[in-house]
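See structure below.
There are 2 protein chains.
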Amino acid sequence: MKSVIPVTTLEIKTACSQCNLRELCLPFGLDPNEVDQLDELVGSRRKIKRQQHLYRSGDVFEAIYAIRAGSFKTDVILEDGRDQVTGFQMTGEVLGLDGISTEHHSCNAIALEDSEVCVIPFSRLEELSRQVESLQHQFHKIMSREIVRDHGVMMLLGSMRAEERLAAFLLNMSQRFTARGFSPSEFHLRMTRDEIGSYLGLKLETVSRAFSRFQEEGLVAVQQKHIRILDTPGLKRLLNHHAV
Amino acid sequence: MKSVIPVTTLEIKTACSQCNLRELCLPFGLDPNEVDQLDELVGSRRKIKRQQHLYRSGDVFEAIYAIRAGSFKTDVILEDGRDQVTGFQMTGEVLGLDGISTEHHSCNAIALEDSEVCVIPFSRLEELSRQVESLQHQFHKIMSREIVRDHGVMMLLGSMRAEERLAAFLLNMSQRFTARGFSPSEFHLRMTRDEIGSYLGLKLETVSRAFSRFQEEGLVAVQQKHIRILDTPGLKRLLNHHAV
DNA sequence: GGAGCCCTTTGATCCACGTCAATACGATTT
DNA sequence: AAATCGTATTGACGTGGATCAAAGGGCTCC
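Order-wise, the sequence lines are chains A and B. Each residue of the first sequence is one higher than the last, beginning at 1 in this note's numbering. Each residue of the second sequence is one higher than the last, beginning at 245 in this note's numbering.
The following block contains the structure:
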């Protein structure tokens, strides 16, 4: 392995085949040989400092990005300045799919903390996925998953009340942390109340009040961005027991 | 094949190469030879009567569907009965992409009027798009377009007021009718106020009131489902001139 | 390790939209 | 042509979340 020079070490360390995120990411379902092919395609890694843009709305689309470390938000901004956070992305998730349709990105991707992504040149990905069936299929699944996720957000924004939205958000975060080997019940949010509010279609004050309410009711322990979920079933009940 | 009988006539008539929707649909960007290959893949057409399901949430995913005639809505339903319309689809648009991610559909697709779809078996589409680069790319664009569209709806639901949402909806419908060769200013909505409301995250009464308000202000002429847009710039102004 | 600034919390008040209710309209059936 | 039922409109009133405001706390960056 890391036998002679540091550069090699780095490359081996960051190869898809060695990456502990591969089961959440593009390499899922590929056999070792296919993963190697994918590895060759991943052009470079790119570090993005907190608050910096990975890409901006309007940028020419050339690549999609797999998050190796850190986390991001995506948002859309209207001419009049209003903006809407369209998602929060964690390690192993793919950014940039919005750009395929027009060859230009249609949203902004901003790092919530110092982060690192794998740059996957899109035309080469299409090329390889014409040869590797399992890669093609996994890529399609990832795009479809994004569509399904968006439908969930539409449900949330269109028919849930403030506390339900926040409960759904917390349960979703918990589940995604779990999938990454972290605690399901205790985690650190990387985004502000304002960003959560934008995502959930609420004002930051409303988010803050809902957190306080959850705390009063013993559902969670909140300390700024540090969250401890005390009563998962209680949160789930909040979601489904809504009298119509 | 079945060369002599009327069925042949039907098949020729409904071939992608003869279809006037091909520029909105999967065949876009393919050369004639490639369109023929796609034609062979389109298994069958299926007629769906008004109010009937094309597929239901939970159904096994096997195919995507291109709308040949008519229109659909898709919705998601929670256990407690609340539902959210996630989209309205018109001719040339593709339904079913939500099913790729889990091999099961995650929403319902319901015909808003008597309709007809082309059934595109998905595994065969993946197979052919491994051979036909332009088909692969067009399919990716269609999926990406869906993601971008969803982001637009999230913006709408998360940061717009009732009248802005309805204005955005009307302008969107107008644009899509235009793309299909119909009048940009006069059209017939196939969905109820309740369905529009669900899509826009509003109650049907609010939708109705917003329509009445637009009428008072001379922006549109509304007669039940028949809409005549009188002042497109006025509607657009409603969208962007929102004081933050 | 301290200064400054952004983030968060909490309270008081307001208003856009939801809810409830009654009526009217139009399409379809008989 | 009358009866029926789903759809739409309109009014009166209630409320959940927005807005405005102020104070405190914790990061970040020197």
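Note that CB positions come from ideal geometry on N, CA and C, so glycine has one too.
Status (buried if at least 16 other CB within 10 Å, exposed otherwise) for residue i
i	result
B/S442	buried
B/H470	exposed
A/H241	exposed
B/P271	buried
A/S44	exposed
A/Q131	exposed
B/G314	buried
B/N352	buried
B/D275	exposed
A/H140	buried
A/E34	buried
Cut-off 7 angstroms between Cβ atoms - residues of its own chain near residue i, not counting five sequence neighbours on either side
i	result
A/P184	S174, F177, T178
B/D438	L448
A/A221	Q215, R228, L230
B/R300	H349, N352
Residue i, enclosing alpha helix (DSSP H) - first and last residue
i	result
B/T318	It is not in any alpha helix (DSSP H) - B/T318 instead sits in the beta strand (DSSP E) that spans 316-321.
B/V392	377-403
A/A167	162-179
B/F426	Counting along the chain, B/F426 falls outside any alpha helix (DSSP H), and DSSP gives it neither H nor E.
B/V451	448-460
A/E40	32-41
B/K480	476-484
Residue-level contact to chain B via CB, residue i, 9 angstroms cutoff
i	result
A/Y199	yes
A/E186	no
A/V244	Its pLDDT being 46, under 50, A/V244 is placed unreliably by the model, and the measurement read from it follows with that caveat. It does: the Cβ of A/V244 has a partner Cβ on chain B nearer than 9 angstroms.
A/C107	yes
A/L10	Here A/L10 scores only 47 on pLDDT, less than 50, and its place in the model is too uncertain to base an answer on.
A/T248	Since the first residue shown for chain A is 1 and the last is 244, residue 248 of chain A is missing from the structure and cannot be characterised.
Straight-line gap, residue i to residue j (C-alpha atoms, nearest Å)
i	j	result
B/E407	B/A454	6 angstroms
A/M154	A/V42	33 angstroms
B/C260	B/M334	17 angstroms
A/F88	B/M435	33 angstroms
A/I100	A/F61	7 angstroms
A/A168	B/D327	16 angstroms
B/L414	B/G445	15 angstroms
A/R149	B/P365	23 angstroms
A/I147	A/D98	11 angstroms
A/D36	B/Q296	47 angstroms
B/E357	B/E347	27 angstroms
B/T476	A/Q136	43 angstroms
Contact with chain A by residue i, beta-carbon distance below 9 angstroms
i	result
B/C362	no
B/V329	yes
Limits of the beta strand (DSSP E) - the one that residue i falls within
i	result
B/Q328	327-333
A/S198	Here A/S198 belongs to no beta strand (DSSP E); instead the alpha helix (DSSP H) covers 193-200.
A/P121	115-121
A/L26	It is not in any beta strand (DSSP E) - A/L26 carries neither H nor E in the DSSP assignment.
A/N108	108-111
Nonlocal neighbours in the same chain, by C-beta distance under 6 angstroms from residue i, ignoring five residues either side
i	result
B/G273	S378, Q382
B/R368	L285
A/E186	R228
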